[in-house]
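Asks: I am attaching a structure below and will ask some questions about it afterwards.
There are 2 protein chains.
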Amino acid sequence: MKPSISKGTRDFLPDEVIRRQFIFDTLRDIFELFDFIPIETPAIENLQTLTGKYGEEGDRLLFKILNNGDFMSRVSDDVRMGGSSAELLPQISKRGLRYDLTVPLARYVVMHQNDLQFPFKRYQMQPVWRADRPQKGRYQEFYQCDVDIIGSDALMFEAELVAVYDQAFHRLQIPVEIKVNNRKILQGIADVIGAGEKFSQFTIVLDKLDKIGESGVAKQFDEMGLSSDQINLVFELIKENDIAKLEIALNKSETGIKGIEEIKKVKQYLRTQEFNNNIIFDWSLARGLNYYTGCIFEVVSPKVNIGSIGGGGRYDNLTEIFGMPNVSGVGISFGVARIYDVMTELNLFPDSLEQRTKILLMAMDEKSHQYAFECVVKLRHAGINSALYPTAAKLKKQMKYAHERNIPVVGIIGSNEMENQRISVKNMDSGEQNDHQMDDLIKLLS
Amino acid sequence: MKPSISKGTRDFLPDEVIRRQFIFDTLRDIFELFDFIPIETPAIENLQTLTGKYGEEGDRLLFKILNNGDFMSRVSDDVRMGGSSAELLPQISKRGLRYDLTVPLARYVVMHQNDLQFPFKRYQMQPVWRADRPQKGRYQEFYQCDVDIIGSDALMFEAELVAVYDQAFHRLQIPVEIKVNNRKILQGIADVIGAGEKFSQFTIVLDKLDKIGESGVAKQFDEMGLSSDQINLVFELIKENDIAKLEIALNKSETGIKGIEEIKKVKQYLRTQEFNNNIIFDWSLARGLNYYTGCIFEVVSPKVNIGSIGGGGRYDNLTEIFGMPNVSGVGISFGVARIYDVMTELNLFPDSLEQRTKILLMAMDEKSHQYAFECVVKLRHAGINSALYPTAAKLKKQMKYAHERNIPVVGIIGSNEMENQRISVKNMDSGEQNDHQMDDLIKLLS
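In order, the protein sequence lines correspond to chains A and B. Going left to right, the first sequence walks through residues 41 to 486 as this note's numbering numbers them. Going left to right, the second sequence walks through residues 41 to 486 as this note's numbering numbers them.
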């Protein structure tokens, strides 16, 4: 039987796991610095929880799990004979795989509201599954990493999340731009140009600015029925650097004014600290999702042309669908797969990551092997990650293994070394070779 | 809509995630000390990879994923009309959820054999899914944690794995007994009592010794057709402490002699080191799985009546089914859920785990809040996990939050403190309260 892997999924080699673990560990440290605490939810959710939450396409892309046992036994005869897949589905499947971390968070908050303290500041790093057509860089199983504050509308948290982004990417050594806007300002712009009723469509078009440029956006605004005066005014307003002037321009829109007030308050919090990266207020930033109701964020790395590596915003109704209305929240997510790609491209992973094992001991004959085993026990007792090649194979073969495993130091042990209680230690990088006693070697490798 | 969770699955509260993470981090450190490297495989595997590997019951307990799209369109008419669930299954589902970490490891090794160096020492900590009937302490989604060496029959690795168990449980502070046996010795015992042909059944019965005692085992041996002389000899042999005497007793069985030799060699490796826990050679240890062909291991915590918290052994044919014969391997696994329960029962988790956030700042009025925000920024810049309550709510409310969040220290900031550039710091445990300047506070909390 030829082994195969399900299309759209992938195995991770040790170096990849170690590098991704480095990203997770770094993010976890930062999240905890800012008082976020972790939760985990199951991979399997009731379809009732998931269906209808991600639009029609989302419903299609949900992985559904077949009911266990004799799943056809409860299918009614007419559905069995003539029913479509859609009609059969609810009778043979009641569970699906987690599609994102947001809907499970909402379910979690409602179900555990009596065990949680609000504001509830949680982070979550788990895989999600989507039956997207697999293509380069897009998988059906991938990690999401979300940070949210639930149950407070304090704008302090918007500033905190900007700082989380800044510190996290600084720690990962990825230079980024953190863009900030507020959906209420966008509503204000739509209002004052007289397109307030078409707000949703307006933001969807504006969101494409990066991809299709001003002329492309202008064309689509035109197709929406906006006049060239209206379109020109949009471009004027989204480029207005002076917030006082923008405030005057939006003063006919109640929502717009509210947005300006929120941004001012966030700026006030941001002013009290120094950032490692540029924080850019960008009134053209739209984020596709209607879901957001206040500040929105997006992170790009100007050094790499890969799109956004983070995004988020404030939402007002996360938990309403599960019967808990009026809970405001704000959150950001980290695009772990893209962060991984950026760090690979910019060569930002520490070399030491891949060299977990500090030394490989090699024995030259059977008798030395027993002694070498005693040596590796001692090294490990001293807390040094170390290995012993399992047999007294030819030195060349053992060397090849050390080389391919990327182990930085080897210790060669033959009858001579055994007699003198020393180890012949070779640096695989420099080729330098020296004899050491065990105590010296431990010091050298500590 | 009332939120619900799929039966047999569970959410993890922050304290639970943190404690489990502590177990994983500790195990990872030990695994890397012994030169093991991590891999990850996808949750979704082709059913072709999974089916038939876990016996009939396993096939039933596999979670199957419904094909995406119009899954009924390719079902033939006769199967649609009259087919059983079993006949319909292959036409509507081609993928399933990972059931254990062993079969995916075999697939992985075969598929990536050119990218791996052998001996390949890997660890893997990922969830698996089984459609078992949910009951107390048994879930449909749970973590497995496996450590294996693939591609070497060196008995040194048996000794290494015993040391991994010893160090891991020592680090977790769980006192354990590590039991060791060899399936070849069991075969030898079966041979010399004249039940060599019934070996599989023999081990299945012997495996129940802990549960049903000698009389229960004797009864089942009797039902197998063993005479009382044969049964008595079994009990005599499994209690033989002197390995030299056992060797003589088994000298008619070639396999038995091989088993004795292997155990002697392992003992020789074990003698060179000191262990924190008892290593017990127990000839009655059987492990249910026919899969094992050499040494077998089992770990129990004598302080807690919860069954084994680890087990493993040597197997000779892991990858054969995927077309790569004659690859010997040896591995152990850690029962993470039970380890969690044991540590909870014995109160072994460090208190500090749940106190990730070292201090919560509280502002007494709006103006102080802005100043308090500057303070929390400074604390975080100094690397201290810290929080600021988002509003100048009543002190009682903020105190309640700190208390329920288990935050050990609070810093109270009002107009007085702001004027004097000090923070009134209260230890939540002792109730002690002192004024501090920011620099002092940073030192205090570092």
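The C-beta atom is built at its ideal place from N, Cα and C for all residues, glycine as well. Quantities reported herein were computed from a predicted structural model and do not represent experimental measurements.
At 8 Å on the CB atoms, spell out the chain B contacts of A/HIS152, in chain order.
Replies: Here residue 152 of chain A refers to the residue found at position 112 of the first sequence. Within chain B, the residues near A/HIS152 are ASP51 and LEU53.
Asks: Measuring CB to CB, does B/ILE225 end up less than 8 Å from B/LEU273?
Replies: Counting from 1 along the second sequence, the entry for residue 225 of chain B is found at position 185. Counting from 1 along the second sequence, the entry for residue 273 of chain B is found at position 233. Result no, Cβ atoms of B/ILE225 and B/LEU273 do not sit closer than 8 Å.
Asks: Between the segment 87–104 of chain A and the segment 56–73 of chain A, do three or more beta carbon pairs fall short of 8 Å?
Replies: Short answer: they don't touch.
Asks: Apart from the five residues on each side of it in sequence, which residues of its chain come closer than 6 Å, Cβ to Cβ, to A/MET364?
Replies: The residue labelled residue 364 of chain A in the question sits at position 324 within the first sequence. Excluding residues within five positions, the ones whose Cβ falls inside 6 Å are VAL150.
Asks: How many angstroms separate the CA atom of B/PHE62 from the CA atom of B/LEU290?
Replies: In the second sequence, the residue the question calls residue 62 of chain B occupies position 22. In the second sequence, the residue the question calls residue 290 of chain B occupies position 250. Whole-angstrom Cα-Cα distance: 45 Å.
Asks: Taking the alpha carbon of A/ASN107 as the reference point, which residue from B/ARG114, B/LEU128, B/GLN88 and B/THR89 has its own alpha carbon closest?
Replies: Position 67 of the first sequence holds residue 107 of chain A. Among B/ARG114, B/LEU128, B/GLN88 and B/THR89, the Cα nearest to that of A/ASN107 is on B/LEU128.
Asks: Name the DSSP bridge partner or partners of B/VAL376?
Replies: Your numbering for residue 376 of chain B matches position 336 in the second sequence. None, per the DSSP bridge assignment.
Asks: Could you pull the DSSP bridge partners for B/ARG462 from this structure?
Replies: Mapped onto the second sequence, residue 462 of chain B falls at position 422. Answer is B/GLN477, bridged to B/ARG462.
Asks: To be precise: take each residue of the segment 391–406 of chain A, compare its Cβ to all Cβ atoms of chain B, and keep it if any distance is under 7 Å. Which residues remain?
Replies: Those residues of the segment 391–406 of chain A that come within reach of chain B (Cβ to Cβ, closer than 7 Å) are ARG396 and THR397.
Asks: Closer than 8 Å between beta carbons: that is the criterion. Which residues of the segment 362–374 of chain A meet it against chain B?
Replies: Answer set for the segment 362–374 of chain A: PHE362 and GLY363.
Asks: When you compare only the Cα positions, how much space is there between B/LYS407 and B/ASP475?
Replies: Taking the first residue of the second sequence as position 1, residue 407 of chain B is located at position 367. Taking the first residue of the second sequence as position 1, residue 475 of chain B is located at position 435. If you take the alpha carbons of B/LYS407 and B/ASP475, they lie about 19 Å apart.
Asks: So, does the CB of A/ALA171 fall closer than 8 Å to a CB anywhere in chain B?
Replies: As a first step, residue 171 of chain A is located in the first sequence; it is residue number 131 there, counting from the start. Yes, A/ALA171 lies at the interface with chain B (some Cβ there is under 8 Å from its Cβ).
Asks: Listed in chain order, which residues of the segment 134–158 of chain A have Cβ atoms closer than 7 Å to some Cβ of chain B?
Replies: Listed in sequence order: ARG135, ARG147, TYR148, VAL150, MET151, HIS152, ASP155 and GLN157.
Asks: Cβ of B/ALA427 less than 8 Å from any chain A Cβ?
Replies: Locating residue 427 of chain B in the second sequence gives position 387, counting from the first residue. With 8 Å as the cut-off, B/ALA427 counts as an interface residue toward chain A.
Asks: In this structure, does DSSP put A/TYR355 in helix, strand or coil?
Replies: In the first sequence, counting from the first residue as 1, residue 355 of chain A sits at position 315. Looking at A/TYR355 - three-state DSSP - the assignment turns out to be strand.
Asks: My understanding is that A/CYS335 touches A/ARG311, with C-beta atoms under 8 Å, so please give their C-beta distance in whole angstroms.
Replies: Mapped onto the first sequence, residue 335 of chain A falls at position 295. Mapped onto the first sequence, residue 311 of chain A falls at position 271. Their Cβ separation, rounded to whole angstroms, is 16 Å, which puts A/CYS335 and A/ARG311 out of contact at 8 Å.
Asks: Along the chain, which unbroken stretches of the beta strand (DSSP E) at least 3 residues long are found entirely within the segment 359–419 of chain A?
Replies: You should have 369–374 and 399–403.
Asks: Are the C-beta atoms of B/GLU85 and some chain A residue less than 8 Å apart?
Replies: For the purposes of this step, residue 85 of chain B is identified with residue 45 of the second sequence, where counting begins at 1. Output row for B/GLU85: interface = yes.
Asks: If you draw a straight line from the C-alpha of A/GLY299 to the C-alpha of A/ILE229, how long is it?
Replies: Taking the first residue of the first sequence as position 1, residue 299 of chain A is located at position 259. Taking the first residue of the first sequence as position 1, residue 229 of chain A is located at position 189. The straight-line gap from Cα to Cα measures roughly 11 Å.
Asks: Is the separation between the beta-carbon of A/ARG178 and that of A/ASP186 shorter than 8 Å?
Replies: Position 138 of the first sequence, counted from the first residue, corresponds to residue 178 of chain A. Position 146 of the first sequence, counted from the first residue, corresponds to residue 186 of chain A. Cβ atoms of A/ARG178 and A/ASP186: not closer than 8 Å.
Asks: Taking 8 Å as the CB-CB limit, is B/PHE182 close to chain A?
Replies: Counting from 1 along the second sequence, the entry for residue 182 of chain B is found at position 142. Judged by the 8 Å Cβ criterion, B/PHE182 is not in contact with chain A.
Asks: Whether or not the segment 438–450 of chain A and the segment 465–474 of chain A are in contact is what I'm after, with contact meaning three or more pairs of Cβ atoms, one per stretch, closer than 8 Å; do they touch?
Replies: Touching, yes.
Asks: To which residues of the same chain is A/HIS443 closer than 8 Å at the C-beta, ignoring the five residues directly before and after it?
Replies: Locating residue 443 of chain A in the first sequence gives position 403, counting from the first residue. MET468, listed in sequence order.
Asks: Assess contact between the segment 137–151 of chain A and the segment 180–194 of chain A, defined as three or more Cβ pairs (one per stretch) separated by less than 8 Å. Is contact present?
Replies: Yes: the two stretches touch, three or more of their Cβ pairs being nearer than 8 Å.
Asks: Would you please state the rounded distance, in angstroms, between the beta carbons of A/PRO78 and A/ARG162? I believe it to be under 8 Å.
Replies: Counting from 1 along the first sequence, the entry for residue 78 of chain A is found at position 38. Counting from 1 along the first sequence, the entry for residue 162 of chain A is found at position 122. Right, their Cβ atoms sit about 7 Å apart.
Asks: Touch check for the segment 190–199 of chain B and the segment 367–385 of chain B: three-plus C-beta pairs under 8 Å?
Replies: Flag = yes, the segment 190–199 of chain B and the segment 367–385 of chain B touch.
Asks: In angstroms, rounded to a whole number, what distance separates the CA positions of A/LEU249 and B/HIS421?
Replies: Taking the first sequence and counting its residues from 1, the one referred to as residue 249 of chain A is at position 209. Taking the second sequence and counting its residues from 1, the one referred to as residue 421 of chain B is at position 381. Taking the straight line from one Cα to the other gives about 36 Å.
Asks: In the DSSP assignment, the beta strand (DSSP E) including B/PHE160 goes from what residue to what residue?
Replies: Residue 160 of chain B sits at position 120 when you count from the first residue of the second sequence. Note, B/PHE160: beta strand (DSSP E), 160–169.
Asks: If you pair each beta-carbon of the segment 44–52 of chain A with each one of the segment 71–91 of chain B, do three or more pairs fall below 8 Å?
Replies: Flag = yes, the segment 44–52 of chain A and the segment 71–91 of chain B touch.
Asks: Shorter than 8 Å from the beta carbon of B/LEU128 to some beta carbon of chain A?
Replies: In the second sequence, residue 128 of chain B corresponds to position 88, counting from 1. Cβ-Cβ to chain A under 8 Å: yes for B/LEU128.
Asks: Just how far apart, CA to CA, sit B/VAL216 and A/LEU393?
Replies: Looking up residue 216 of chain B in the second sequence gives position 176. Looking up residue 393 of chain A in the first sequence gives position 353. Roughly 32 Å separates the two Cα atoms.
Asks: Mapping DSSP to helix, strand and coil, what is B/PRO144?
Replies: By one-based count along the second sequence, residue 144 of chain B stands at place 104. Here B/PRO144 sits in helix by DSSP.
Asks: Could you check if A/GLY256 is buried or exposed, using at least 16 other CB atoms within 10 Å of its CB as the buried criterion?
Replies: In the first sequence, counting from the first residue as 1, residue 256 of chain A sits at position 216. Result: exposed.
Asks: Tell whether a beta-carbon distance below 8 Å holds between A/ALA403 and A/VAL416.
Replies: Indexing the first sequence from 1 puts residue 403 of chain A at position 363. Indexing the first sequence from 1 puts residue 416 of chain A at position 376. The answer is no: Cβ separation not under 8 Å.
Asks: I want to see whether chain A comes within less than 8 Å of B/ILE452, judged by CB atoms only; does it?
Replies: The residue given as residue 452 of chain B occupies position 412 in the second sequence. With 8 Å as the cut-off, B/ILE452 does not count as an interface residue toward chain A.
Asks: Please list, in chain order, the residues of the segment 430–450 of chain B that have any C-beta partner in chain A closer than 8 Å.
Replies: Answer set for the segment 430–450 of chain B: PRO430, THR431, TYR441, GLU444 and ARG445.
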